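I have placed the structure first, in the form of structure tokens, so that the comments after it can refer back to it.
There are 2 protein chains.
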Amino acid sequence: MTVESTGAVEFEAYGPFAADCPARAALDLFASRWLPVVVWALRNGPMRPGELQRTIGGIRHKVLTDNLRRMENAGLVIRRRYAEAPPRVQYELTEAGQDLLEPIQAVGVWAYRHATTLQAMHAEEPD
Amino acid sequence: MTVESTGAVEFEAYGPFAADCPARAALDLFASRWLPVVVWALRNGPMRPGELQRTIGGIRHKVLTDNLRRMENAGLVIRRRYAEAPPRVQYELTEAGQDLLEPIQAVGVWAYRHATTLQAMHAEEPD
DNA sequence: CAGGATCCGACACGATACTG
DNA sequence: CAGTATCGTGTCGGATCCTG
Numbered sequence: 634m635t636v637e638s639t640g641a642v643e644f645e646a647y648g649p650f651a652a653d654c655p656a657r658a659a660l661d662l663f664a665s666r667w668l669p670v671v672v673w674a675l676r677n678g679p680m681r682p683g684e685l686q687r688t689i690g691g692i693r694h695k696v697l698t699d700n701l702r703r704m705e706n707a708g709l710v711i712r713r714r715y716a717e718a719p720p721r722v723q724y725e726l727t728e729a730g731q732d733l734l735e736p737i738q739a740v741g742v743w744a745y746r747h748a749t750t751l752q753a754m755h756a757e758e759p760d
Numbered sequence: 634m635t636v637e638s639t640g641a642v643e644f645e646a647y648g649p650f651a652a653d654c655p656a657r658a659a660l661d662l663f664a665s666r667w668l669p670v671v672v673w674a675l676r677n678g679p680m681r682p683g684e685l686q687r688t689i690g691g692i693r694h695k696v697l698t699d700n701l702r703r704m705e706n707a708g709l710v711i712r713r714r715y716a717e718a719p720p721r722v723q724y725e726l727t728e729a730g731q732d733l734l735e736p737i738q739a740v741g742v743w744a745y746r747h748a749t750t751l752q753a754m755h756a757e758e759p760d
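Read top to bottom, the protein sequences are chains A and B. Just so we're aligned, residue 634 is where the first sequence starts under our numbering, counting upward by one. Just so we're aligned, residue 634 is where the second sequence starts under our numbering, counting upward by one.
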């Protein structure tokens, strides 16, 4: 193994998430409620917006578009546009986007691992 | 290895992040801009609020308090209060909180791995 | 030192309607 | 079908002041 950039070493060099470190920017990505969900929905390959909306469920058309645009700007997805009669568009994960699946999955696994503990969060509202 | 709950199997059972699944609640945790940072700052052991604020840097007193309260309700931290002359308080990660360090680290590592790609996000504002 | 109470601003989201 | 525009809203965060 050469000096390939796995990122692990660089990250460990930092103590907490410094305000100027890349990791903070990454957390801001997660700060979007839907962005991780959209990324996860794209894990099996390119999808069209409508298909995405149906697959995810509960997300508004505009919100999905907003997130896709942000993801595109962040370099997480590539937007493929096909000039056809009915305008067809497909979104595909970039390499960065695919690598993001791991952290997202880690969060998901963690969630199920402590599902019982986290139930308390929802149980907040008794009425 | 018995049927220990690693959470991995349960999570894989789901396709996308369903609206009612625990993973969505977990993502809502990350949706807080500071929460993961606070959790990460606590990785080495219990800390006092003031110490936390200094360590993290750039976080407001109230915001830190809000996040700590939310984390406490979510079962991520335990608040230890010592009835002394100068009121002393310490926050300590629960088991769920400690396990959350892994996903957070995963995001951090990912960030450095694709730091160059993510630079585009910041470079949005030329002025 | 810990933390609550407030007012305010930013931003993502929800909902609707409208253009290629 | 894909995307934009607009408006309203909720929530987190920033800033300030005040209480044990």
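Each residue gets a CB set at the ideal place from its N, CA and C atoms; glycine is no exception. Remember, predicted model here, so these are calculated numbers, not experimental data.
My guess is that B/G741 and A/A744 are in contact by the Cβ rule of under 8 angstroms, so how many angstroms apart are they, rounded?
Contact annotation, B/G741 with A/A744: C-beta distance approximately 19 angstroms; criterion of less than 8 angstroms not satisfied.
Tell me the residue span of the alpha helix (DSSP H) that contains A/L709.
Per DSSP, A/L709 belongs to no alpha helix (DSSP H) and is neither H nor E.
When DSSP labels each residue in this structure, what does A/L726 get in the three-state scheme?
A/L726 falls in the strand class under three-state DSSP.
Among B/E717, B/Q686 and B/C654, which one has its Cα closest to the Cα of B/L668?
It is B/Q686 whose Cα lies nearest to the Cα of B/L668.
Any Cβ of chain B within less than 8 angstroms of the Cβ of A/I711?
With 8 angstroms as the cut-off, A/I711 does not count as an interface residue toward chain B.
Cβ distance (whole Å) where B/V671 is taken to contact B/M704 below 8 angstroms:
Rounded, the Cβ-Cβ distance is 7 angstroms, consistent with contact.
In angstroms with no decimal places, state the Cα-to-Cα distance between A/R666 and A/Q738.
When rounded, the distance between both Cα atoms is 15 angstroms.
Quick one: list the residues of chain B neighbouring A/Q731, beta-carbon separation under 7 angstroms, in chain order.
Neighbours of A/Q731 in chain B, taken as residues whose beta carbon is under 7 angstroms from its own, are absent, since the nearest beta carbon is some 10 angstroms off.
Close-in-space but distant-in-sequence residues of the same chain around A/A659 (CB under 7 angstroms, 5 per side omitted):
Take A/A659, set aside five residues on each side of it, and no residue of its chain has a beta-carbon closer than 7 angstroms to its own.
Please state the DSSP three-state secondary structure of A/R721.
Here A/R721 sits in strand by DSSP.
Could you name the residues of chain B that A/V670 contacts, counting a contact when the two beta carbons are closer than 8 angstroms?
Those within 8 angstroms of A/V670 in chain B are P649, F650, R657 and L660.
Quick check: the region 727-737 of chain B against the region 691-711 of chain B, are at least 3 beta-carbon pairs closer than 8 angstroms?
Taking a contact to require three or more Cβ pairs closer than 8 angstroms, the region 691-711 of chain B and the region 727-737 of chain B qualify as touching.
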